[in-house]
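Protein chains in written order, with this note's numbering: chain E, 92 to 381; chain C, 92 to 381; chain U, 26 to 608; chain Z, 26 to 608. Heads up, the beta-carbon is just placed ideally off N, CA and C, and yes, glycines get one too. Since this is a predicted model, take the numbers as computed values, not measurements.
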Amino acid sequence: MPASPQKKNADYNSGHFPTWCPGCGNFGIWTGVKNALAELGIAPSQVLVVYGIGCSGNMSSFVKAYGFHGLHGRALPVAIGAKLANKDLKVIVLGGDGDGYGEGGNHFIHALRGNVDVTYIVHDNQVYGLTKGQMAPTTEHGQPTSSTPEGALEQALNPVALAIAAGGSFVAQGFAGDVGQLTQIIKDAITHPGFAHVNVLQPCVTFNHHNTFSWFYKRVYKVETTKHDFSNKQEAFARSLEWGEKIPTGLLYREIRPTWEGSCAELAGIPLVKRPIENTSIAATLQKYT
Amino acid sequence: MPASPQKKNADYNSGHFPTWCPGCGNFGIWTGVKNALAELGIAPSQVLVVYGIGCSGNMSSFVKAYGFHGLHGRALPVAIGAKLANKDLKVIVLGGDGDGYGEGGNHFIHALRGNVDVTYIVHDNQVYGLTKGQMAPTTEHGQPTSSTPEGALEQALNPVALAIAAGGSFVAQGFAGDVGQLTQIIKDAITHPGFAHVNVLQPCVTFNHHNTFSWFYKRVYKVETTKHDFSNKQEAFARSLEWGEKIPTGLLYREIRPTWEGSCAELAGIPLVKRPIENTSIAATLQKYT
Amino acid sequence: MKQTVNRFTWKIGGAAGDGIMVTGAMLAKYATRAGLWSVDYSEYPSLIRGGHNVQVVQVDEEQIFTHDQGNEMLVALNEETVRLHAAELTSGGVIIHDPDRLVINAAMLGDRQDIRLVPVPLVKLSLREGGKDLMRNTVALGATLALLDAPLQLVDDIFHDTFIEKGQAVVELNQRICRAGYDYVRDLQGETFPWRIVPKSNVVRSVIDGNSAIALGFLHGGLKLYSAYPMTPASSILMTLAELAKPFNIVAKHAEDEIAAVNNTIGAWHAGVRAACGTSGGGFSLMVEGLGLAAISETPLVIVNAMRPGPATGLPTWTEQGDLRFIMHASQGEFPRIVVAPGDPTQAFTEAARSLNLAEHYHLPVIILTDKYLAEGHWSTPLFDARAVVPERGGFAAPHEHQGKEWYGRYADTPSGVTPRPVPGQDGGVFIANSDEHDQYGFADESSANRIVQVDKRNRKLQSAIAALPPRVVRWGDADADVTLVTWGSTTLVCREALKKLAAMGIRANILQILYILPFPEADVRAALQEAKRTILVENNVTGQLGSVIAETTGLHCTHQFLKYDGRPFWVEELVDFTRSHT
Amino acid sequence: MKQTVNRFTWKIGGAAGDGIMVTGAMLAKYATRAGLWSVDYSEYPSLIRGGHNVQVVQVDEEQIFTHDQGNEMLVALNEETVRLHAAELTSGGVIIHDPDRLVINAAMLGDRQDIRLVPVPLVKLSLREGGKDLMRNTVALGATLALLDAPLQLVDDIFHDTFIEKGQAVVELNQRICRAGYDYVRDLQGETFPWRIVPKSNVVRSVIDGNSAIALGFLHGGLKLYSAYPMTPASSILMTLAELAKPFNIVAKHAEDEIAAVNNTIGAWHAGVRAACGTSGGGFSLMVEGLGLAAISETPLVIVNAMRPGPATGLPTWTEQGDLRFIMHASQGEFPRIVVAPGDPTQAFTEAARSLNLAEHYHLPVIILTDKYLAEGHWSTPLFDARAVVPERGGFAAPHEHQGKEWYGRYADTPSGVTPRPVPGQDGGVFIANSDEHDQYGFADESSANRIVQVDKRNRKLQSAIAALPPRVVRWGDADADVTLVTWGSTTLVCREALKKLAAMGIRANILQILYILPFPEADVRAALQEAKRTILVENNVTGQLGSVIAETTGLHCTHQFLKYDGRPFWVEELVDFTRSHT
Ligand SMILES: Cc1ncc(C[n+]2csc(CCOP(=O)(O)OP(=O)(O)O)c2C)c(N)n1
Ligand SMILES: Cc1ncc(C[n+]2csc(CCOP(=O)(O)OP(=O)(O)O)c2C)c(N)n1
Ligand code: SF4
Ligand code: SF4
Ligand SMILES: [Mg+2]
Ligand SMILES: [Mg+2]
């Protein structure tokens, strides 16, 4: 592959302008993802972006890159299968909070401990956007939504606390209103050797009138401006629990440990996709059955 | 219902003697569950036990009580549906680590934050027993199993850490080799108003030759013998991460907060199952469509 | 000038987020309150904003079932609407538009000289009366009514009834804005509009969609718990029941996924209450395993599957009847189930209510199969008759049957296959509901003899249930006909509309609607097909799935088949053409 | 005394955990190495310990396909075995038992005087030679061989080949223990046993189960990744491939659930490798949505569904053919798929290898449908012919087709329906694999015209794939016959066995095996049924699912049907009886 020429954000535009509501937080994430790819010099054909189903997942039509727009809640296992098939490929997953923490919650907790080198960016708008405003796992307790008009009865899921407890090796929180920081986080996530989880606080201007841009602006602070030690799991957990008055953004936890594909003896050497399929001899194995 | 006469363990025997391997940790859990029911004076007809599919779930044929032996991984949502239908019923769920943390992981994390008053006891033998020794989510990294002959590549899931992070209101760990403590934990779990998670360390003598009874005897200690403050989430989380040299048992975390059914306005008053189905008038509602 | 009275089609088009649906709903209500019949249909892409959204409302003096291809009035909120839909306008039709926002030139109209433009400063008028931008739709409604020479009083009442909960001020604001549009158009110089509304008798009818009909049917039927995960086009059942949870004192649960939803529902039934879950095909895929759990544990279960075009995510906001065979055969192993496919809101209401009786009495899963067209379209509908189905408890063990027992033989064999069940908490009723094959108490039992008993027992229940079913086929039209349209579900509507048009052409047609897909009404279908002179299979799918079931069970084939699989419902015109050219 | 040479049935029974399967496997290998043919079958409950476990090994000089009801030798490790199985013994048959553990009295034998008891101190001998309790089975094997007058050398070789990786000491221990049983029985005074083994030619054959055949077929076919979640009776594919991962340098992934397994597999195919997943009905239920994802995104996919009796958990360790219709119609919407149901290990091997070519070349999901009987039974089988299917790459875009492009038209319409695909990472091949209906590049496209193009394109692929399929029906037996057994999958085996027995009775029968269920070989089946004098449908299920497919597609019905649904495979005797009385 020839060395990629200098890339810019617009190189990742698909030509279809986003259909998101004007002012939607997804625009910030869209920009952050394209910026990160451009700054890392990853060409559209060198990356596979796997999308969930939701407003977030509709980004599949707005980004120029190999894409896979799969089933609601099932982006992660597609991404993991692809990464194991071609470990040289950069694999990024984008999806909603309903998609990833509701429907797809099981894949999430197992991806965290499995540590396949995939970057997972969750558009956390605390609501189901595409299906018109129902409760999400991250909807705050007591918030009314179209499926819970009297207010959500569940305690909200805390994605970053969960990610740390489930064995995440890279857990970060971004904010769609701070594209600069978000770009940096996404770049770090992509370059992190292992599964990287980025929860992005993403205001939904149409269905979430509580967790708005201004609500967040008053609350978010960057952990990198504090003494936060992201290698300390205890400390990271404590930080991740913060919600309400102060909401941390930035890298909360990181730990370098072997990836799944790095530990798998059979994946040493050339990626599976480059291995020939012809001339596999089963003769010796068949001998054992005689 | 007439006041129950004094109950004893044997009152909960089904008459079918367990088919578990001799020496299996499930015997201890079986005893603990029956003890707890007896000591709390809950009659077999006053409780619904929902079972997963696994060696653990086979307990459905060994316990005398209303039972529901559902699908692999899906015991929790059945139990929650039953509890909402009849909030006066005691509902207990028993299942394996594969069942509850593998196949059923999504229900687990949402049950924890949902806080429906159900007791969830997981037989954590760190292996798939019934299907003959494959890797479980709790299998230790590097352990060989029949599905991972070269050793598990994933980091083991830590059920109690996860439960705390996901918003569990009662998180405890028991050991099948200590039926006394286990009985007490199960009693506390049953009486806890909310979702109670008990992870029981359960040696599998047939397929797990690493985490044996003696391996555990050397490591377990009771948190009640320490200064552990189970109302402190930070401290509970730190404790829950202990594995290896020292493994904590007992109540790790507890928090009293409203249950789902307690917060649901429509569930105030008599349980759904007692409400009449006849004579619901839709006339006024239909009027709005005219 | 000749005026057509009480028969016209109105269309509104704009971007997603323009809130056009509300306006159409108002017009449909207006017509219905005026003693007329309406049907409305909307098309929207799976996007929140942007994309082209359309709503059509058709009004008639007779009962109507689908709308025509032609329109008499078009409210164009953007240019795309004009480009896409001007051609559909009948000669003499109008386009209402806001000249400040949308300038329409000749090119946009193709060479249609016979269309009249009615520019109304929609936004300006709304703002002038104290409304917001989006309320321009209400201005357009006023303009529409003025053109139709329709009395304002009726719409004032509708605003009152709709908004009074939000206060008198809101009511008046809407009334004022609507009147502004009305007055503006009245004051325009122009020819008299060839279509008009003349209110008729005031029979009270509802304007209702299939999903609301199901929700109300469930409530009438004694539903206590609904658990679901949102999925278009089933979501509004959850949302409606969540709204109605409080007045009806029931629980609507938004579950973490569809697997949880179906298992919640099974758990609730097991514990003794009437419950249901609902989804579309993707969610149904996830409920498939639960279906089998209900079957083998003989737990009642009701699932709504509102179809949309697949495979997978497919066309989320469009319509298709592609899941018939899937629903009939879903889940491993063999077990009986009931599948009912209502063909209009009244059937949806009735069969939803009945499904709860059926599931409870026969310990069977019941699947209600609808599609986006029925689920989200609205029809003027006679008020539901609550007496059509009486909620009655059944299938439970009487106290003397379980009290004092050590174990209860909940799966003991019986002639009907139905064994009365106790519910947890009842004294002496202890048993195990088991997903493993089991003996009479529910203990796992793998013997050959027991297996045969239990399989036969379960299967026998379907036979027993037949007695409790209404006629499983519905015949529409005269018995004596030249052609029979064979159909199921929402396509019954277009067939009913076609009957009227065919009759006008002198073609005698009737309809065989298969209401209960399972147990399949083999004998009825065979008889009907054998009697018919010619038959046309009408299905909104590519493979003719009902046709395959008919072939399998009766060995018969329809003379012709007319299938459509582009995500759109049939146009009545195309069905009429097809029928005429094949009769 | 007359001796039957090279034809006998041997059975071993004990508790779960007694490790009886290993012993039967040794005996089957012995017979096979002796140039004979064997088949083995085991029954075990879904428990780890306790419960009654049985394994049967039948040996013959001719190729055999299923075992008989009668046995000549019974190794009884517990009393239950005697009580349940003594009655099945042929006159003159023996029971080998350990008198220290199991005293057999007349009552336990019913009134069978014609059975000979062979008490052998199994445990004592094992311990004496330095073995453990459980190795008593090896002693029993030695005793068996002594009775059969079979040379010891062959079994010594088997121990060598099996255990040499564990060291010479293990080999010798097994040899010694086996010899102890052998010598003990030889030294007994007693009549000559009426059955014996006389080794024949040494053609090399394997003893193999359906699951291993599939695993090897996949490896031969170029599989690089297998993702699965354990489920009986499919689990051993995962375990076999996990064992073989190292020598074959492939990945076997134990996924967190079946939803992950199918999506892992789709992801891997999308990225360019050959992959598969496998499960039984319950897990397949969870893969249903993924099936549709593969279909609409036109990603190749291979799934193995090894059936067991349902519904739900059902009878986890027993056999049934209950999922046929489910597999044919699973997932919302309409799309083509290939379903192949191998009927023996050779077909399992060949079709598993072929499935990878088919999926890759035609961008279709392929489902391999087996059942517990085929999956876990073992048959003496000629060594698989690797040339039967040549792994060949296909369906990919050539570099010049994508290089330098901005976007690649991966869903552009083509005459065959197959559009060459690039894989991520390839220059210029950028496209979106989309579960939403999409245009040629994969962008969501909801237009009517595009929908029709894409539906038609997808469906056309199935027609194109037919050219690459082997004959979709397999005919066994003479063309000219009085009766045709119509069947599919593993019941083909009992039909093949029945042919031999029927021929011996002078009944001329043949078999129509439907190997490819989809695309259904309508023409072949119609022709075969029309030619046949009489037909008997043979299925291991309660509703006659293949029969329903035949009726649907051809309008024909078999003359009779013979169905079995107690979780057990057919006995050849019952099939022969049925056929005789219906011919
Ligand atoms: C199996 C399945 N269930 C449900 C849906 C319907 N559905 C589409 S998007 C969505 C939720 C969207 O919420 P989220 O994931 O938070 O994304 P957002 O739109 O908020 O970005 C749902 C429930 C589906 N497509 N598939
Ligand atoms: C959907 C589904 N997948 C797989 C199985 C097969 N299965 C039965 S038990 C089991 C795992 C048992 O492990 P665990 O839950 O840890 O229970 P244990 O036997 O160890 O108590 C599996 C995979 C199933 N029954 N259903
Ligand atoms: S609904 Fe919310 S999340 Fe979706 S596009 Fe609009 S603002 Fe964004
Ligand atoms: S396999 Fe393990 S968990 Fe299962 S019964 Fe035996 S010892 Fe217990
Ligand atoms: Mg969201
Ligand atoms: Mg386990």
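Not one beta carbon of chain U lies nearer than 8 Å to the beta carbon of Q246 (chain E).
Neighbours of L358 (chain C) in chain U, taken as residues whose beta carbon is under 8 Å from its own, are V276 in chain order.
CA-CA distance, N216 (chain C) to P168 (chain C), rounds to 22 Å.
Taking 8 Å as the cut-off, the beta carbon of R299 (chain Z) is found closer than this to the beta carbon of K249 (chain Z). Interface flag for T110 (chain C) against chain Z is set, since a Cβ pair is found closer than 8 Å. Around the beta carbon of I347 (chain E), fewer than 16 other beta carbons sit within 10 angstroms, so the residue counts as exposed.
Comparing C-alpha distances from L377 (chain E) to each of Z:I393, Z:P407 and Z:E283 shows the shortest one belongs to Z:P407. Within chain U, G450 have C-beta atoms less than 8 Å from the C-beta of D179 (chain C), given in sequence order. Secondary structure note for W432 (chain Z): it is in no beta strand (DSSP E), with a DSSP letter that is neither H nor E.
In chain order, the residues positioned with their C-beta nearer than 6 Å to some heavy atom of ligand 6 are C:G145, C:G187, C:D188, C:G189, C:N216, C:V218, C:Y219, C:G220 and C:A227. The alpha helix (DSSP H) runs lying completely inside the stretch 344-383 of chain U and spanning 4 residues or more are 349-354, given in chain order. According to DSSP, residue pairing for G39 (chain Z) in a beta bridge involves Z:N78. Going by beta carbons, T381 (chain E) and F273 (chain Z) fall outside the 8 Å limit.
The nearest non-hydrogen atom of ligand 1 is less than 7 Å from the C-beta of Y254 (chain U).
G117 (chain U) sits in a strand when the DSSP states are folded into three classes. Buried is the label assigned to P339 (chain C), since at least 16 other Cβ atoms lie within 10 Å of its Cβ.
Counted as a single uninterrupted DSSP element, the stretch harbouring H92 (chain U) is not any beta strand (DSSP E), since DSSP gives it neither H nor E. At least one C-beta of chain E is nearer than 8 Å to the C-beta of A257 (chain C). Pairwise C-beta distances place the stretch 296-311 of chain C in contact with the stretch 209-224 of chain C, as three or more of them are shorter than 8 Å.
In the three-state reduction of the DSSP assignment, R497 (chain Z) falls in the coil class, being assigned neither a helical nor a strand state.
Shortest gap from the CB of H160 (chain E) to any heavy atom of ligand 5: 7 Å or more. Nearest in C-alpha terms to F153 (chain E), of all of E:R204, E:A170 and E:S105, is E:S105. Neighbourhood of E190 (chain Z) in chain E, by CB distance below 9 Å: empty, with the nearest CB roughly 10 Å away. When DSSP states are grouped into helix, strand and coil, L269 (chain Z) belongs to the helix group. Counting only unbroken stretches of 4 or more residues, the alpha helix (DSSP H) elements lying wholly within the stretch 404-469 of chain U are 424-427, in sequence order. For H214 (chain E), the shortest C-beta to heavy atom distance toward ligand 5 is below 7 Å. Here DSSP, grouped into helix, strand and coil, assigns M133 (chain U) to helix. With fewer than 16 other beta carbons inside 10 angstroms of its own, K379 (chain C) counts as exposed. The distance from the Cβ of E194 (chain E) to that of G224 (chain E) is about 17 Å, inconsistent with a contact at the 8 Å cut-off. The DSSP-derived three-state label of V124 (chain E) is helix.
Counting only Cβ-Cβ distances below 7 Å, F351 (chain Z) has contacts in chain U at H354, A355, S356 and Q357, in chain order. In terms of beta-carbon proximity, K271 (chain U) lines the interface with chain E, with at least one pair separated by less than 8 Å. Remark: the C-beta of G307 (chain U) is in contact range of ligand 1, defined as less than 7 Å to any heavy atom.
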